[in-house]
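Contents: one structure, followed by commentary.
Number of protein chains: 2
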Amino acid sequence: MGRLLGGIEAGGTKFVCVTSSEPGVIASRKVIPTTTPEETLGQAITFFREQGPVEALGVASFGPLVLDRASPDYGRVAATPKPGWTGADLSGALARALGCPVALDTDVNGAGLAEARLGAGRGLDVVVYITVGTGLGGGLIVDGKPVQGLTHPEMGHLRVRRHPDDLDFKGVCPFHGDCLEGLISGPAAQARLGYPLNDAPLDHPVWSMIAYYLGEFCASLCLIASPQQIILGGGVMSNLAIFPAIRAACASALNGYVQSDAIGSETFITPPGLGDRAGALGALLLAEDMLSR
Amino acid sequence: MGRLLGGIEAGGTKFVCVTSSEPGVIASRKVIPTTTPEETLGQAITFFREQGPVEALGVASFGPLVLDRASPDYGRVAATPKPGWTGADLSGALARALGCPVALDTDVNGAGLAEARLGAGRGLDVVVYITVGTGLGGGLIVDGKPVQGLTHPEMGHLRVRRHPDDLDFKGVCPFHGDCLEGLISGPAAQARLGYPLNDAPLDHPVWSMIAYYLGEFCASLCLIASPQQIILGGGVMSNLAIFPAIRAACASALNGYVQSDAIGSETFITPPGLGDRAGALGALLLAEDMLSR
Chain B
1 MGRLLGGIEA
11 GGTKFVCVTS
21 SEPGVIASRK
31 VIPTTTPEET
41 LGQAITFFRE
51 QGPVEALGVA
61 SFGPLVLDRA
71 SPDYGRVAAT
81 PKPGWTGADL
91 SGALARALGC
101 PVALDTDVNG
111 AGLAEARLGA
121 GRGLDVVVYI
131 TVGTGLGGGL
141 IVDGKPVQGL
151 THPEMGHLRV
161 RRHPDDLDFK
171 GVCPFHGDCL
181 EGLISGPAAQ
191 ARLGYPLNDA
201 PLDHPVWSMI
211 AYYLGEFCAS
221 LCLIASPQQI
231 ILGGGVMSNL
241 AIFPAIRAAC
251 ASALNGYVQS
261 DAIGSETFIT
271 PPGLGDRAGA
281 LGALLLAEDM
291 LSR
Chain S
1001 MGRLLGGIEA
1011 GGTKFVCVTS
1021 SEPGVIASRK
1031 VIPTTTPEET
1041 LGQAITFFRE
1051 QGPVEALGVA
1061 SFGPLVLDRA
1071 SPDYGRVAAT
1081 PKPGWTGADL
1091 SGALARALGC
1101 PVALDTDVNG
1111 AGLAEARLGA
1121 GRGLDVVVYI
1131 TVGTGLGGGL
1141 IVDGKPVQGL
1151 THPEMGHLRV
1161 RRHPDDLDFK
1171 GVCPFHGDCL
1181 EGLISGPAAQ
1191 ARLGYPLNDA
1201 PLDHPVWSMI
1211 AYYLGEFCAS
1221 LCLIASPQQI
1231 ILGGGVMSNL
1241 AIFPAIRAAC
1251 ASALNGYVQS
1261 DAIGSETFIT
1271 PPGLGDRAGA
1281 LGALLLAEDM
1291 LSR
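Which chain is which? The protein sequence lines are B and S, in order. Our numbering applies: residue 1 is where the first sequence begins, and numbers increase by one. Our numbering applies: residue 1001 is where the second sequence begins, and numbers increase by one.
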């Protein structure tokens, strides 16, 4: 038995709180609805006191987050449309109440960390994890650590070249219109269809367009960061039938320039390996890394 | 005095060979014209024997290179239009002749490593170094190490969205036509102008187009890797007058989404700090890192 660690996958609808004393193994788990910061954080604190004490806590959270350690607002939620959460002091409140160090990162970096170290990308040096759902986000994990420079990556807002048969749709991103998120997130697909993407048959042409843009995206990632694997998760990706078309679109965009047998293969662009446990396992890894630093 | 290290900046027209016993300080230097592998590598070996023995040699080379350690061709030059160099065993020949370990990386990763650790990006965790000249290449340096996953990045071949006033030019990249390299490298600019870019006045509209695409490129880099600094070097970038337009185009593409005062500032997108010494200094860092591993 190792030290007891805590993890929170902090989402907009629920907080998944877990403890663990063995890497990759969850010892206890509680799901708390996301209401107000006081109520939700209060219930999380009660859980960790009951199960604990924990030696460190990792939080993989919805955002935006202030992650610049030089900022007086470090550890807080930045301006968010979610009522009551703007300015909520996630890491400060938890650290004070539990008397332990708190490591905070974005939900996508947390899930990416878990997929890169314990899941589909296990054993690789450079992995990109993408989630396509209500939004489109991504984490770049190098040597088992999310890359974080100026802020954290915001890959979903990349502008890609439009498909020649898709020039009319304006996109739904309030900042960029037809960036990737604006073109193929769940809400973008719904705007294209007039009804939820979940209700579209699996052979509806909207899926071809999603696969095309994801293939272009993967090609861009390949050119900029040269990952050994790109893992695509999130609600939209539960349609596994589109993976072959994504791989083909990526290979077509690169047109033979990146010389590797991996391009176009089933091992290069893959679904996640950890299912819905990635976020909580990633939060535990954040806690583990904080103690080992 | 530390250990004596050797470095080669191996270019298509010349090999710059250096030795050093102190980080960042070049003790001896010899420039050898790039003719045949036998002749050029032979002269380099003679230089290092005269100045040495060196304990390790770093080579930052023109490419393409085989850098996959699992490949039987590791350390060789891959298919290149440069006569006689396809298959040349750079690292093997040098290691055998000098009896020391040889670290090999691309010229752009070498220069990027030096700029990130000793030059314009000194002290930062995540830096991108771009060179715009005959080609367009880039290196992503994280925690003082070039990121290398599947192969090495090939950022110059990113497809960006075309400027609305620039839809007619087809681009010159034999693989992708109008990828970034195909749109704004030196040869691309010459194809646009009908004469060399060097002969274009500094206020020629071609420079606005180059600045626009580089701004889009920097925005893409920012979204994918979130670097603290992007360093733009190479022959085309010797026109420093275009930096303000690049910064403005990057900020405009991001449209306020990435919340950082750095965006648009003079410290985010910068010229290099080491001038033409970056390649040789980077080669020495490759040697140093090999010994400290």
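Glycine included, C-beta positions come from ideal geometry on N, C-alpha and C.
Beta-carbon gap between residue i and residue j smaller than 8 Å
{"i": "G1063/S", "j": "V1054/S", "result": "no"}
{"i": "G1215/S", "j": "I1246/S", "result": "yes"}
{"i": "D1068/S", "j": "Q1228/S", "result": "no"}
{"i": "P1146/S", "j": "G1156/S", "result": "no"}
{"i": "E154/B", "j": "V1258/S", "result": "yes"}
{"i": "P101/B", "j": "M290/B", "result": "yes"}
{"i": "S1226/S", "j": "Q43/B", "result": "no"}
{"i": "G52/B", "j": "L4/B", "result": "yes"}
{"i": "G110/B", "j": "G235/B", "result": "no"}
{"i": "A249/B", "j": "A191/B", "result": "no"}
{"i": "R161/B", "j": "R1293/S", "result": "no"}
{"i": "I45/B", "j": "L98/B", "result": "yes"}
{"i": "L1193/S", "j": "V1206/S", "result": "yes"}
{"i": "T13/B", "j": "G84/B", "result": "no"}
{"i": "Y1129/S", "j": "G1275/S", "result": "no"}
Span of the alpha helix (DSSP H), counted from its first residue to its last, around residue i
{"i": "L110/B", "result": "Note on residue identity: the sequence assigns Gly, not Leu, to residue 110/B. G110/B -> alpha helix (DSSP H) spans D107 to R117."}
{"i": "A1093/S", "result": "L1090 to L1098"}
{"i": "S292/B", "result": "A278 to S292"}
{"i": "A60/B", "result": "A60/B -> not in any alpha helix (DSSP H); beta strand (DSSP E) instead, spanning A56 to S61."}
{"i": "A1120/S", "result": "Premise fails: A1120/S is in no alpha helix (DSSP H) and is neither H nor E."}
{"i": "I1184/S", "result": "L1180 to I1184"}
Residue i, DSSP secondary structure in three states
{"i": "I45/B", "result": "helix"}
{"i": "P1037/S", "result": "helix"}
{"i": "Q228/B", "result": "coil"}
{"i": "Y1129/S", "result": "strand"}
{"i": "C1017/S", "result": "strand"}
{"i": "E1154/S", "result": "coil"}
{"i": "P244/B", "result": "helix"}
{"i": "G1215/S", "result": "helix"}
{"i": "R192/B", "result": "helix"}
{"i": "V206/B", "result": "helix"}
{"i": "C1250/S", "result": "helix"}
{"i": "G273/B", "result": "coil"}
{"i": "V1317/S", "result": "Limits of chain S in this structure are 1001 at one end and 1293 at the other, which puts residue 1317/S out of reach."}
{"i": "L67/B", "result": "coil"}
{"i": "S28/B", "result": "strand"}
{"i": "V258/B", "result": "coil"}
{"i": "E1022/S", "result": "strand"}
{"i": "L1104/S", "result": "strand"}
{"i": "P83/B", "result": "coil"}
Nearest neighbour of residue i, chosen from the options [CA to CA]
{"i": "C218/B", "options": "A241/B, P196/B, T131/B and L118/B", "result": "T131/B"}
{"i": "I141/B", "options": "E39/B, C179/B and V127/B", "result": "V127/B"}
{"i": "F243/B", "options": "L254/B, A253/B and I231/B", "result": "I231/B"}
{"i": "I1008/S", "options": "A1060/S, T1040/S and P1023/S", "result": "A1060/S"}
{"i": "P33/B", "options": "Q51/B, G11/B and G52/B", "result": "G11/B"}
{"i": "H1152/S", "options": "T1013/S, L1041/S and V1066/S", "result": "V1066/S"}
{"i": "T86/B", "options": "A241/B, Q148/B, R122/B and E38/B", "result": "E38/B"}
{"i": "C179/B", "options": "W1207/S, N1255/S and L1197/S", "result": "N1255/S"}
{"i": "G177/B", "options": "N109/B, A251/B, R122/B and R159/B", "result": "R159/B"}
{"i": "G1058/S", "options": "H1204/S, R1049/S, T1019/S and D1089/S", "result": "T1019/S"}
{"i": "F1047/S", "options": "P1164/S, F1015/S, S1292/S and G1194/S", "result": "F1015/S"}
{"i": "S208/B", "options": "L240/B, A120/B and T267/B", "result": "L240/B"}
{"i": "A88/B", "options": "A251/B, V206/B and Y74/B", "result": "Y74/B"}
{"i": "S252/B", "options": "T267/B, C222/B, G233/B and G275/B", "result": "C222/B"}
{"i": "L1167/S", "options": "G1119/S, P1174/S, Y1213/S and C1017/S", "result": "Y1213/S"}
{"i": "P81/B", "options": "P174/B, D165/B, S265/B and G121/B", "result": "P174/B"}
{"i": "R1049/S", "options": "A1079/S, S1071/S, G1084/S and G1006/S", "result": "G1006/S"}
{"i": "G123/B", "options": "G2/B, D143/B and G275/B", "result": "D143/B"}
{"i": "D261/B", "options": "A1079/S, L1150/S and L1041/S", "result": "L1150/S"}
{"i": "E266/B", "options": "G121/B, H204/B and L202/B", "result": "G121/B"}
Limits of the beta strand (DSSP E) - the one that residue i falls within
{"i": "E9/B", "result": "L5 to A10"}
{"i": "V172/B", "result": "Unbroken run through V172/B: none, as it is neither H nor E."}
{"i": "V1077/S", "result": "Element bounds for V1077/S: n/a, residue is neither H nor E."}
{"i": "L1140/S", "result": "L1136 to V1142"}
Contact test: residue i Cβ vs the ligand ZN heavy atom, cutoff 7 Å
{"i": "Y257/B", "result": "Summarising the ligand content, the structure contains no ligands, and the ligand ZN is consequently not present."}
Between the stretch 1016 to 1029 of chain S and the stretch 128 to 135 of chain B, do three or more beta carbon pairs fall short of 8 Å?
-> With the rule of 3 Cβ pairs closer than 8 Å, the stretch 1016 to 1029 of chain S does not count as touching the stretch 128 to 135 of chain B.
If you pair each beta-carbon of the stretch 79 to 97 of chain B with each one of the stretch 258 to 272 of chain B, do three or more pairs fall below 8 Å?
-> Touching, no, given that fewer than three Cβ pairs across the two stretches are closer than 8 Å.
Should the stretch 1011 to 1025 of chain S be called in touch with the stretch 1280 to 1290 of chain S, which here means at least 3 C-beta pairs below 8 Å?
-> Contact holds: three or more Cβ-Cβ distances are below 8 Å.
Give a yes or no on contact between the stretch 114 to 121 of chain B and the stretch 1179 to 1197 of chain S, applying the rule of three or more CB pairs nearer than 8 Å.
-> Counting C-beta pairs with one atom in each stretch, the stretch 114 to 121 of chain B and the stretch 1179 to 1197 of chain S have fewer than three that are closer than 8 Å, which means they do not touch.
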